[in-house]
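Chains as they are written, first to last, in the working numbering: chain X, 256 to 549; chain P, 256 to 549.
There are 2 protein chains.
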Amino acid sequence: MEIIDGKKISNQIKEEIKYEVQNIISKGDKPPHLAAVLVGEDGASLTYVGSKVSSCKQVGFKSTLVKLPENIKEIDLLSKIAELNDNKEIDGFIVQLPLPKHIDEEKILLAVNPNKDVDGFHPTNFGKMALNMKTFIPATPFGIMELLKRYKIETSGKNTVVIGRSNIVGRPISILMNLKGIPGDSTVTVVHSRTVNLESYTKNADIIISALGIPGFVKKEMVKKGVVIIDVGITRVKDNNSTRGYVIRGDVDFNSVKEKASYITPVPGGVGPMTIAMLLKNTLLSKSLLKNNY
Amino acid sequence: MEIIDGKKISNQIKEEIKYEVQNIISKGDKPPHLAAVLVGEDGASLTYVGSKVSSCKQVGFKSTLVKLPENIKEIDLLSKIAELNDNKEIDGFIVQLPLPKHIDEEKILLAVNPNKDVDGFHPTNFGKMALNMKTFIPATPFGIMELLKRYKIETSGKNTVVIGRSNIVGRPISILMNLKGIPGDSTVTVVHSRTVNLESYTKNADIIISALGIPGFVKKEMVKKGVVIIDVGITRVKDNNSTRGYVIRGDVDFNSVKEKASYITPVPGGVGPMTIAMLLKNTLLSKSLLKNNY
Numbered sequence: 256m257e258i259i260d261g262k263k264i265s266n267q268i269k270e271e272i273k274y275e276v277q278n279i280i281s282k283g284d285k286p287p288h289l290a291a292v293l294v295g296e297d298g299a300s301l302t303y304v305g306s307k308v309s310s311c312k313q314v315g316f317k318s319t320l321v322k323l324p325e326n327i328k329e330i331d332l333l334s335k336i337a338e339l340n341d342n343k344e345i346d347g348f349i350v351q352l353p354l355p356k357h358i359d360e361e362k363i364l365l366a367v368n369p370n371k372d373v374d375g376f377h378p379t380n381f382g383k384m385a386l387n388m389k390t391f392i393p394a395t396p397f398g399i400m401e402l403l404k405r406y407k408i409e410t411s412g413k414n415t416v417v418i419g420r421s422n423i424v425g426r427p428i429s430i431l432m433n434l435k436g437i438p439g440d441s442t443v444t445v446v447h448s449r450t451v452n453l454e455s456y457t458k459n460a461d462i463i464i465s466a467l468g469i470p471g472f473v474k475k476e477m478v479k480k481g482v483v484i485i486d487v488g489i490t491r492v493k494d495n496n497s498t499r500g501y502v503i504r505g506d507v508d509f510n511s512v513k514e515k516a517s518y519i520t521p522v523p524g525g526v527g528p529m530t531i532a533m534l535l536k537n538t539l540l541s542k543s544l545l546k547n548n549y
Numbered sequence: 256m257e258i259i260d261g262k263k264i265s266n267q268i269k270e271e272i273k274y275e276v277q278n279i280i281s282k283g284d285k286p287p288h289l290a291a292v293l294v295g296e297d298g299a300s301l302t303y304v305g306s307k308v309s310s311c312k313q314v315g316f317k318s319t320l321v322k323l324p325e326n327i328k329e330i331d332l333l334s335k336i337a338e339l340n341d342n343k344e345i346d347g348f349i350v351q352l353p354l355p356k357h358i359d360e361e362k363i364l365l366a367v368n369p370n371k372d373v374d375g376f377h378p379t380n381f382g383k384m385a386l387n388m389k390t391f392i393p394a395t396p397f398g399i400m401e402l403l404k405r406y407k408i409e410t411s412g413k414n415t416v417v418i419g420r421s422n423i424v425g426r427p428i429s430i431l432m433n434l435k436g437i438p439g440d441s442t443v444t445v446v447h448s449r450t451v452n453l454e455s456y457t458k459n460a461d462i463i464i465s466a467l468g469i470p471g472f473v474k475k476e477m478v479k480k481g482v483v484i485i486d487v488g489i490t491r492v493k494d495n496n497s498t499r500g501y502v503i504r505g506d507v508d509f510n511s512v513k514e515k516a517s518y519i520t521p522v523p524g525g526v527g528p529m530t531i532a533m534l535l536k537n538t539l540l541s542k543s544l545l546k547n548n549y
């Protein structure tokens, strides 16, 4: 059994990006510039955006944090987005989700210029991904693909089961794993809340990618020997022994499942750290796309 | 065993559309107007475009056939598309595929205004479909969904196996069947040329949707009793006994498989006739979308 070390790989990727940035600067060009829009004061969102900003610094990107009040009107958020779309100094930007309930997330998402949409959430980018055209891949599935690639895990013809069908993980990773390519070319099944006899699928899987958000859902009885486990779950579970008052738990019952797995991602330290690295990679890409008049 | 009668259902749909058109006209509005761009003289393409145009007449749509020479330059085709995008008299249009080899299909597809893209091939529309937003669904998968709906075939939680992963059938239908909705909510597996032990998937399937293009590929040994069979294959097979010199064959060995199926689409007369009906439906939709300043 080998542990897939997302922390290590994400650091490698950041080093590679840092090198690229130095290259860009040495040619007299400006470093990539990522903006993050944060509405309100949600604790988890603050933490995520904070890490994104500090990761930018780490690799030499410029970053801008746009903090907006919780009660901002939808129309004012839209005009802020229009501003970022037009701002030539900004290569890419993200709008941290979730947004307050009075704002229509779909409308906001559609307002982002697809060429600056480094989260890859705009339908144009999602469609390009599904049609195997060059575009921004959403950071989490992009990170999973990168882990499979760097660990040289065979995916072609393999029985891959994706647990969960969310727009940001389950659906895109199921499409990516099924497309022609390396990694890719898998036989992919998507199981979800409506699936009858879910275990009958996971038991035959060569690769399981779980993005459900239920801690400890995948147990050793549900998997076969030699399975590759990618655990995307990151649920905060109350824990009074922790100084933060909670611990992060994955979808997989790590201690029992690891005995049967050939490869497994831990939580934390698996897919999680990859997400920011791939967001940086998309920002680097957005810079070159804009330059080439994409 | 019940035969799914695509001919009958497509005629029903055309009648419904005809009724809508009369409604539109009675309110003093213009009927929907579909344009079809045909490059070159390919026999099958001529036939397809011909049926589309005559179906428009049948339901009371206006139609325009834009015939362009085989050797047209890419830039001239692009400017023709720009013209159709801007033409307020045209609600929706299609570019008949395949295009001659010297033309970049992807570039052409991206040039079509998504709001007039009644084929649903533009990445923006494909992405909206995958993200479960309101949009144009490509005609063939849209037709399959409509057949399942009108025959009240249960799909929720069912084991659905899609054979083939093309951009115009396999991938979109696999996404649609997996999305929340009726029909939908299936557990979907996509099998393809790289799949190992394909029969192990089809044998457990409650619903098989085959879009492979290999005549007679699905045999009775590969399916379980009670399976629902949707055959999207339409391959021309040479036949000297036919006056046209060929017959149309599906992916499924109909005569043997029908004994085990609960529902089955014939070829011809199953999915085929639905495709044009759903193109008309999209054109009707495009009219209302444009009217609502989509």
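The beta carbon of each residue, even a glycine, is placed where N, CA and C say it ideally should be.
- Query: In chain X, which residues lie with their C-beta within 7 Å of the C-beta of Pro378 (chain P)?
  - Reply: Thr379, Gly382, Lys383, Leu386 and Met388
- For the candidate residues P:Pro438, P:Val446 and P:Pro355, whose alpha-carbon lies nearest to that of Gly439 (chain X)? P:Val446
- Assign Tyr549 (chain X) to one of three DSSP states: helix, strand, or coil. Residue placement at Tyr549 (chain X) is flagged as unreliable, the pLDDT there being 39, under the threshold of 50; the coordinate-derived value follows with that caveat. Residue state, collapsed to three classes: coil.
- Task: Decide if Val292 (chain X) is buried, meaning its Cβ has at least 16 other Cβ atoms within 10 Å, or exposed.
- Result: buried
- Query: Does the beta-carbon distance from Ile399 (chain P) to Ile464 (chain P) come in below 8 Å?
  - Reply: Yes, Cβ-Cβ distance for Ile399 (chain P) and Ile464 (chain P) is below 8 Å.
- From the DSSP output, read off the bridge partner residues of Ala552 (chain P). Nothing about residue 552 (chain P) can be read from this structure; chain P reaches only from 256 to 549.
- Query: What residues from chain X crowd round Asn422 (chain P), counting only those whose CB sits closer than 7 Å?
  - Reply: Leu386
- Message: I'd like the span of the beta strand (DSSP E) that includes Thr390 (chain X), first residue to last.
- Response: Secondary structure note for Thr390 (chain X): it is in no beta strand (DSSP E), with a DSSP letter that is neither H nor E.
- Name the one or two DSSP bridge partners that Asp486 (chain P) has. P:Ser465
- Task: Kindly give me the distance between the Cβ atoms of Val443 (chain X) and Asn433 (chain X), rounded to whole angstroms, as I take these residues to be in contact under 8 Å.
- Result: With 8 Å as the limit, Val443 (chain X) and Asn433 (chain X) qualify as a contact, their Cβ atoms being about 4 Å apart.
- Query: Exposed or buried, Asn380 (chain P), counting other C-beta atoms within 10 Å across all chains shown (16 or more means buried)?
  - Reply: Flag for Asn380 (chain P) reads buried.
- Members of the region 354 to 376 of chain X that neighbour chain P once the beta carbon cut-off is set at 7 Å: Glu361
- Who are the neighbours of Arg491 (chain P) on chain X, taking C-beta pairs under 8 Å? Neighbours of Arg491 (chain P) on chain X: none; closest Cβ ~26 Å, over 8 Å.
- Interface flag, Asn433 (chain P) vs chain X, CB-CB below 8 Å: So yes, Asn433 (chain P) belongs to the interface.
- Item | Where Tyr303 (chain X) falls: helix, strand or coil (DSSP) | helix
- Query: Between the beta-carbon of Thr530 (chain P) and the beta-carbon of Ala394 (chain P), is there less than 8 Å?
  - Reply: Yes; because the gap between Cβ atoms is below 8 Å, this pair is in contact.
- Message: So with CB distances below 8 Å, who are the chain C contacts of Ser411 (chain X)?
- Response: In the structure shown, chain C cannot be found, because the protein chains are X and P.
- Determine whether the Cβ of Val445 (chain X) lies closer than 8 Å to any Cβ atom of chain P. yes
- Query: Leaving out five residues before and five after Ile272 (chain P) in sequence, what residues of the same chain have Cβ atoms less than 7 Å from its Cβ?
  - Reply: Val314, Leu535, Lys536 and Leu539
- Message: Would Lys474 (chain P) and Ser511 (chain P) be called neighbours here (beta carbons separated by less than 8 Å)?
- Response: yes
- Item | Which of helix, strand or coil DSSP assigns to Asn495 (chain X) | It is coil, neither helix nor strand.
- Applying a beta-carbon distance threshold of less than 7 Å, which residues of chain P neighbour Pro498 (chain X)? Correcting the residue identity first, residue 498 (chain X) is Thr in this sequence and not Pro. What Thr498 (chain X) touches in chain P: nothing, since even the nearest Cβ is about 39 Å away.
- Who are the Cβ neighbours of Ala366 (chain X) in its own chain at under 6 Å, not counting the five residues just before and after it? Leu333 and Ile336
- Could you check the C-alpha separation between Asp260 (chain P) and Lys383 (chain X) for me, to the nearest Å? 34 Å
- Is the beta carbon of Ala460 (chain P) less than 8 Å from the beta carbon of Val482 (chain P)? yes
- Message: Could you check whether the Cβ of Asp440 (chain X) sits closer than 8 Å to any Cβ belonging to chain P?
- Response: yes
- Message: Counting C-beta neighbours from all protein chains within 10 Å, is the total for Thr498 (chain P) 16 or more, i.e. buried, or is it exposed?
- Response: exposed
- Query: Buried or exposed: where does Asp372 (chain X) fall if 16 or more other Cβ atoms within 10 Å of its Cβ makes it buried?
  - Reply: buried
- Message: Using a Cβ-Cβ distance cut-off of 8 Å, determine whether Arg426 (chain X) contacts chain P.
- Response: yes
- Item | Distance, Ile268 (chain X) Cα to Asp284 (chain X) Cα | 21 Å
- Message: Any beta carbon from chain X within less than 8 Å of Tyr274 (chain P)'s own beta carbon?
- Response: no
- Inter-residue spacing [alpha-carbon to alpha-carbon] between Lys542 (chain P) and Val478 (chain X): 51 Å
- Message: Between which two residues does the beta strand (DSSP E) holding Ile503 (chain X) run?
- Response: Tyr501 to Arg504
- For Ser517 (chain X) versus Ala466 (chain X), is the C-beta distance shorter than 8 Å? No, the Cβ-Cβ distance between Ser517 (chain X) and Ala466 (chain X) is not below 8 Å.
- Item | Contact set for Asn521 (chain P): own chain, Cβ-Cβ below 7 Å, skip 5 residues either direction | Sequence check: residue 521 (chain P) is Pro here, not Asn. Closer than 7 Å at Cβ, skipping near neighbours: Ile258 and Phe509.
- Task: For the alpha helix (DSSP H) containing Ile272 (chain P), list its first residue and its last residue.
- Result: Gly261 to Ser281
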